[in-house]
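Taken in order, the sequence shown gives residues -27 to -1, 1 to 1145; the numbers are from mature numbering (1 follows the signal peptide of the UniProt record, and there is no 0). Report on the structure given below.
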Amino acid sequence: MRGSRLSCVLCALLSMFMVMPASVASAATDGSGGSGEVTIHYYDSAGWAKPFAYMYGDGVRSASWPGERMTDDGDGWYSVTVNAPHGLRVLFSDNGKSQHPGANQPGYEVNGESWFVGSTRYDSMPEGVKVHFYDYANWGKVRLYYYSEAARGPTWPGEAMHADGDGWYTATIFGTQPARVLFNDGGSRQTPASGQEGHLVTAEAWCRNGVWTDTRPDGVLVMFHKPSGWGSPRIYYYASDADTGPAWPGTAMKHMADDWYSYTITKYAKARVLFNDGGHQVPARSAPGYEASGVCRWDGGDWSCGDSTIDGDNDGVPDVLDMMLGGDSDTDGDGLPDAFETIRTGTDHSCADSDGDGVADGDEDPDGDGLTNLNEREIGTDPLAADTDGDGLTDGEETTRTHTDPLKSDTDGDGVDDRREIQWGTDPLVPQETFDVTAPAEDVGQGDVDVSVSVNLPASQAATLDVRRYDNPSYFPDDMPGLIGDAYEFTVDGQVGSATLHFRFDESLLSDSSFDPAICWFNEKEQRLEELDTTVTGNEATATVSHFSKYVLVNRTTFHDSFSWEDVWSDEQFNAVQTVFVIDDSGSMWSNDRGKKRLSVARDLVERFPENTRTGVVRFADGATDLTGGLTDAQTAKNALADANFCDSGGTSMYLAVQQALNMFQGDDDTTLRNIIVLSDGETSDTRLHDSVVAEASKRKVKINAVGLGGGGPGSYFERWMKVLASQTGGESYLAQDADALAGIYENIGKLIDIETDSDGDGIADWYEDHLVLFNGVSLKLDKNNPDTDGDGIPDGEEIDRLDYRYNADRTKVIVTGRLITNPILVDSDGDGIADADESDSMTDPMNPDTDGDGLNDGDEVRRNFDPTSPDPDGDGRRDDRELADDTSPYVYDKAWYEQFACFVVGALAGDFITDDDDPVTLAGQIIGGVIPTSDVRDVIANVKHGDYAFAAISAAGIVPAAGDAAKGAAKAGRFILRNIDDPAKAARLLVILEESCPSVVAKLGGSDGFVKAAASFSQTGHARLTKKEKQHLVKAVKKAGLAKHLVTSGKDLPIAATIDTGKNVWNERWLKRGDIIDECLNGHSTGRGLGRTFPVADRLENRVLVSTKSLDLDARSYQTPGRLRSRLNKYVKDLKGFEDKYLNKVDSEGHRYRKIGNVDKRLSEKDYDSK
């Protein structure tokens, strides 16, 4: 019977195994993201000892109750990752004891990655408010009770808080925000006291001993150098007799290196401390403890407190690093302490000759300044920097030659640094109140001229004196006529009463008889060079000035020859031309113009007319004949001017012919130049028509240019009639003594037409487009039939500000020069890589390749998303060119590299209790110190190469974090990033460090609610102060955290319903060009003509609300500082003010431009409106 029963049981078990769903046990992993996997998250509000998850579904079931143990992700969150079948359900329990849902209830349904808080499921980590509580009274366990006006919270005593270590507990409130909170131990002890209202919490907050803060409150880091003969030291600390830490003899300190020990006090921000080993004690018995705050150290009876950079022994290594790295121990006997080798020289403290070159590390001179490492340690200078104080003199020079202080840039303290005093010939060891000096340019001897300035200045001003080359190829190109060397800029704070400029040039130039040197002031406002009263002695030109600016030396002869005096000019301007030749064909022309020169010069003039000029020809003798049938094209007009059409016979009816010519003109607008060129050699028989012809010409807005052939003089027909006719109609009159003189006259007429005609409507007359000369004598050749010669989207007339006229004494001649805004023949005038049309968006100077003078090209700064308008945006004293060379952020204040190490170590040792909310390096130390064992932190620091500010050399390979530590580190990182959302460069700086040294923390960022909120905020914040490299780190971290939905990094990320093929890859273009292409495609504008500009912002309707998501594409024009936006708006307003001028181009009787809309009493259709 027993055997039969056993057989049945075995059969039953066998059948169960045959039909049981596959176990999920083997599917559980410690991560997520694999194919077919899903992660389930659970918030433990009950304080379970061991949260488990039991899962079942279609074809899958946990092997046995209570299922899989969940991974501690920190802050009360646990997770498990399983293969994800359809219909999966989950039950949570405390290792099979308490459970959710209750017994005999179906599990919670899982649909993709899920977060559970109680019975509520979320598709993403729910937002809550974290509350932190320090167990000041040593309750041992803490519970959180919360409520709000709208809802009650959990039943008393509330939810469990989770131990963070070091006395801190954390819980998250979901769904009841804001809330009032009370803390208790699950029994009779609580705060606030019974009957009192809870503390109102609206955002993450910390409570320690009844004091609330919005950041974790400071603690105290204490370092102790164990005296000889002591055993293991302990620390006893207290705030008052009634408020103490652990009972005497206190708490054991942590051994760090050699005889150094440390302890972090988390209970107080200020305390008194005593040290003992059970037999010895400092301070002595009955004496009060040392006052402690911040970072403190005890060494041989000396007690000091300060920040993380304190250096009690003045060895150049902060105390916190001394403690970590062995202090004054010299393991290898090379004369350099271990800490000094690790931090200051980067040599191996265990090997006397690190590089194996036969020279001991102490005798090496790695910076080449003439001092050995031993010398540098003794003096206190930097062994890896040749010029420790940055005054321009090497440490060796200052120590052995000038005897100045290599640790002080201005040894005598008079305000002028040592290098300048040596250069100027003054004594750097004796302070002076005034300086009477000749100061050379910074680049003396490097160009074709040596430049200096003699001046007497008070010390405060002399310290700011600067002379350096002004490198601007737009204003002073290499081919500038007469230019000698380079232009130089002289600057000083305040005013100068008088100063003498010196320009020393190549002596060989004096052998040229035409050489006439002159120093010129560059008047930038008026854009002209103004010659100074120059004295030449030998090969040196000098001039006295009363203000500092930009000056240049020129050969006056060559410079002046680049300009020409003109006797024809006009300030009128027209966009089109209509011209009628009225030509004498009477019998007298047989003798006066037998070779028909009047016709050949007319044909030549037609050839040079502006494109699309309408031309007519009227021949007159006894009568008048229209040879062209009205206004026509150039070829028809030239055919009409053929010699065969003129026979030189008959009388003279000039006024009749002019009258017929007037009837040929078309329109009455003010934008067309209408003119008649009438040529005659004698008396006309119809002078009675003079007044009516003048009146008709005035009515039709026609100028009459009169050309007399032969005769002339007082009382002649030319003087009495032709000259008057021209004068009364606004034309010019010319007298040719013979036919050979006609060519010059017609040349001048053609020139005048060109001067008065702007064929392409760009605001520059045709003549000057062909013959434009700038203030510097450089000639530009523009395209008079193209309003935008260089195709940069800016009309030539907006790149040339205006024409300047300089007249001779009797105003009979003029020199005309163009005033440059940008170069109309170059897309990029200053060659900095930013098109002129884009420079306004960058707030950069289109005529200066380095607007802020930081040593970096504007285009390079824009491409990296540096600030091209500020040489040092973060104010750390390091220009952007140095930040780039050192691979640091121009937007994060950088401490000295060894100070950063100190901050890192303090963060690692003291954890959260030494806070520096603005320092990502300190926070990195806090996070890494919580993940990497303390014994390895020393190795981490030792592996950091000197000068590597980004900590890229940190190596934490092989170090496995304890469960939960990485998640806590991620939570800290997330809070820091959220706190600095308006300064994302700091966030990126932290991520750079963590990516290299602690990738496990970066991998857990998706579990940090602070980081989730920060990621969501990136689409709502304009990140102008963020470099391209920093952006890449942010994007990488956000995507790795599974939060890419919050980012728009290119056009591919935009939520576009429909697309249009522009025919070009617009995302590879600069931002303004990108807008032009899209504008052209959508609206049909020719590139650069449309007023529209497209911003890479996705707009979409959500519940009838327009939502805009900004892009993390840092080329986007949506990234704009207030100043950049103001600059753009000012430009747009200026464009609108000139809109009628540029596009409507009408002028009323008072000279105001306008466009009339006829039939104003009638309603305009949409079509009419659009056409207007």
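Note that CB positions come from ideal geometry on N, CA and C, so glycine has one too.
Asked: Assigned secondary structure, His135 (DSSP; H/G/I helix, E/B strand, else coil); Found: strand
Asked: Supposed close pair Ile556, Arg567 - CB separation, criterion 8 Å; Found: That belief does not hold up - the Cβ atoms of Ile556 and Arg567 are roughly 15 Å apart, past 8 Å.
Asked: Cut-off 6 Å between Cβ atoms - residues of its own chain near Asn157, not counting five sequence neighbours on either side; Found: Arg116, Pro130 and Gln163
Asked: Per-residue burial, Leu402 [other beta carbons within 10 Å of its own, 16 or more giving buried]; Found: exposed
Asked: Meets three-Cβ-pair contact criterion under 8 Å: the stretch 628 to 645 and the stretch 590 to 599; Found: yes
Asked: Nonlocal neighbours in the same chain, by C-beta distance under 8 Å from His228, ignoring five residues either side; Found: Ser205 and Tyr234
Asked: Cβ-based neighbour list, Gly832, same chain, cut-off 7 Å, excluding 5 preceding and 5 following; Found: Asp805, Gly806 and Ile807
Asked: Alpha-carbon to alpha-carbon, Gly511 and Gly770; Found: 45 Å
Asked: Neighbour-count burial assignment, Ser87, 16 or more Cβ in a 10 Å radius; Found: buried
Asked: Val465 to Asp506 span [Cα, whole Å]; Found: 22 Å
Asked: Simplified DSSP assignment, three categories, for His198; Found: strand
Asked: Which residues DSSP lists as bridging Glu415, in chain order; Found: The partner list for Glu415 (beta bridge, DSSP) is empty, contrary to what the question assumes.
Asked: Rounded straight-line distance, which links the Cα of Asn528 to that of Val518; Found: 20 Å
Asked: Distance between Gly736 and Leu799 (C-alpha atoms, nearest Å); Found: 18 Å
Asked: Of the listed residues Trp694, Gly274 and Asp847, nearest to Gly681 (C-alpha basis); Found: Trp694
Asked: Whole-angstrom distance between Ala225 and Trp203, CA atom to CA atom; Found: 13 Å
Asked: Meets three-Cβ-pair contact criterion under 8 Å: the stretch 763 to 777 and the stretch 545 to 553; Found: no
Asked: Integer Cβ distance of Thr239 from Asp301, believed to fall under 8 Å; Found: Going by Cβ atoms, the distance from Thr239 to Asp301 rounds to 30 Å, so no, they are not a contact pair.
Asked: Outcome for Val184 when other beta-carbon atoms lying within 10 angstroms are tallied against a minimum of 16; Found: exposed
Asked: Per DSSP, the bridge partner or partners of Val268; Found: Leu194 and Gly279
Asked: CB contact flag (residue 1153, Asp17, <7 Å); Found: Examination of residue 1153 is not possible in this model, given that the chain is present from -27 through 1145 alone.
Asked: Coarse secondary structure for Arg836, derived from DSSP in three states; Found: helix
Asked: Where Gln468 falls, given that 16 or more other Cβ within 10 Å makes a residue buried; Found: exposed
Asked: Under the three-state DSSP convention, the category Ala432 falls into; Found: helix
Asked: Identity of the residues DSSP links to Val104 by a beta bridge; Found: Ala144 and Ala178
Asked: Beta-bridge partners of Met28, as assigned by DSSP; Found: Val63
Asked: Residues near His520 in its chain [Cβ-Cβ closer than 8 Å; skip 5 each side]; Found: Gln468 and Val469
Asked: Whole runs of the beta strand (DSSP E) within the stretch 531 to 592, excluding any shorter than 3 residues; Found: 549 to 557
Asked: Rounded C-alpha distance that separates Val332 from Glu371; Found: 25 Å
Asked: Exposure of Asn84, with buried meaning 16 or more beta-carbon neighbours within 10 Å; Found: exposed
Asked: Span separating the alpha-carbon of Phe89 from that of Gly40; Found: 17 Å
Asked: N-terminal and C-terminal residue of the alpha helix (DSSP H) that Ala634 is part of; Found: Met627 to Leu635
Asked: Contact under 7 Å by Cβ, Ala679 with Val651; Found: yes
Asked: Status (buried if at least 16 other CB within 10 Å, exposed otherwise) for Gly1124; Found: Reliability fails at Gly1124, whose pLDDT of 46 lies under 50, so the model's placement of it is uncertain and the value that follows must be treated cautiously. With fewer than 16 Cβ atoms within 10 Å of its Cβ, Gly1124 is classed as exposed.
Asked: Among Cys493, Val789, Val509 and Glu406, the one whose alpha carbon lies nearest that of Arg477; Found: Val509
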